[in-house]
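>
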Amino acid sequence: MLTDVIYMAGIAAAAIAAYAAAALSKSGMIAAIAVGISVELGFHLPGLLLLGAFFVSSSLLSKIKSKEKRKAEKISQKGSRRDAVQVLANGGASAVFSLLYWLHPSQLFLLLFIVCLAAANSDTWASEIGVLSKKRPWHLLNFKKAERGTSGAVSLTGTIAAISGSLFIALLSMVLLKELTIDQTLKIALSGFIGCLADTLLGGAVQAEYTCHICGGRTEKTIHCDEKTILAKGISWVNNDVVNAASIMIAALFLFIITTRIAVYN
């Protein structure tokens, strides 16, 4: 009990520090505390270390600036300071599976908790590292060259980063949680990458994209050049956060299917 209180105090302190470092907004700080406490209840220190590995690596990568990344940020809706919606879109599913594990301990909930973090980490690494590529990406739906930061666009650099991000969480989980097998670890890594791929496809197919009538540029932002933008494609309410949350659940569903199906056949 005392250990839990200490961990929760540490969660609050870490979230406040992230807010002070401009990695989180005020609402993001509150959401991060809620997610952190949920993870602590289910998986204690190992779960917190996994969550911390995702958040710290993502925050550090978001601080890497380049000419290409600054240009991409003009298109992308995301900023480097995460608000509550962004925190919950990336960490909400993990928090839910952690609470489910707390209420009803099951290895399936453990695997689903991990894969949600793997998918979120895969997408974040792909986004943050992919825009640093010297070569322009190509759109996954029409195979045409696209601007860096465009939803639905992929590059070799970003793809390698996506695989690495998912594998990083999967391998770290195997180290922290001794009960994971190599087979389960590989399934988590694969499912996390599938989630990132789903994010790319959804982003290119249904995510809202707008046109700025001032500069004529394409963007995911509803306000550009201090003026309201015009919907050019996609569904207005499907923004980056909706796509992130949906792709993470797709990763969880994929892992659930390959895990339970193989178990049935065995």
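Here this note's numbering runs 11 ahead of the position in the sequence shown, where the first position is 1. Even for Gly, the Cβ is constructed at its ideal location relative to N, Cα and C.
#1: Using CA atoms only, rank isn't needed, just tell me which of Glu51, Asn255, Asn250 is closest to phenylalanine 108.
#2: Could you tell me if arginine 272 is buried or exposed, where buried requires 16 or more neighbouring beta carbons within 10 angstroms of its beta carbon?
#3: For threonine 230, which beta-bridge partners are listed by DSSP?
#4: Report the three-state DSSP secondary structure of valine 165 (helix, strand or coil).
#5: Using a threshold of 7 Å, state whether the C-beta atoms of alanine 131 and asparagine 153 are closer than that.
#6: Using only CA atoms, which one of Ser49, Ile246, Ser105, Ala137 lies nearest to phenylalanine 7?
#7: Could you pull the DSSP bridge partners for isoleucine 246 from this structure?
#8: Tell me, please, which residues DSSP counts as bridged to tryptophan 149.
#9: Assign arginine 93 to one of two classes, buried (16 or more other C-beta atoms within 10 Å of its C-beta) or exposed (fewer than that).
#10: Can you tell me where the alpha helix (DSSP H) holding valine 107 begins and where it ends?
Quick answer:
#1: Glu51
#2: exposed
#3: Tyr221
#4: strand
#5: no
#6: Past the edges of the chain, shown from 12 to 277, lies residue 7, and the structure says nothing about it.
#7: Gln218
#8: Lys156, Val165
#9: buried
#10: 95-114
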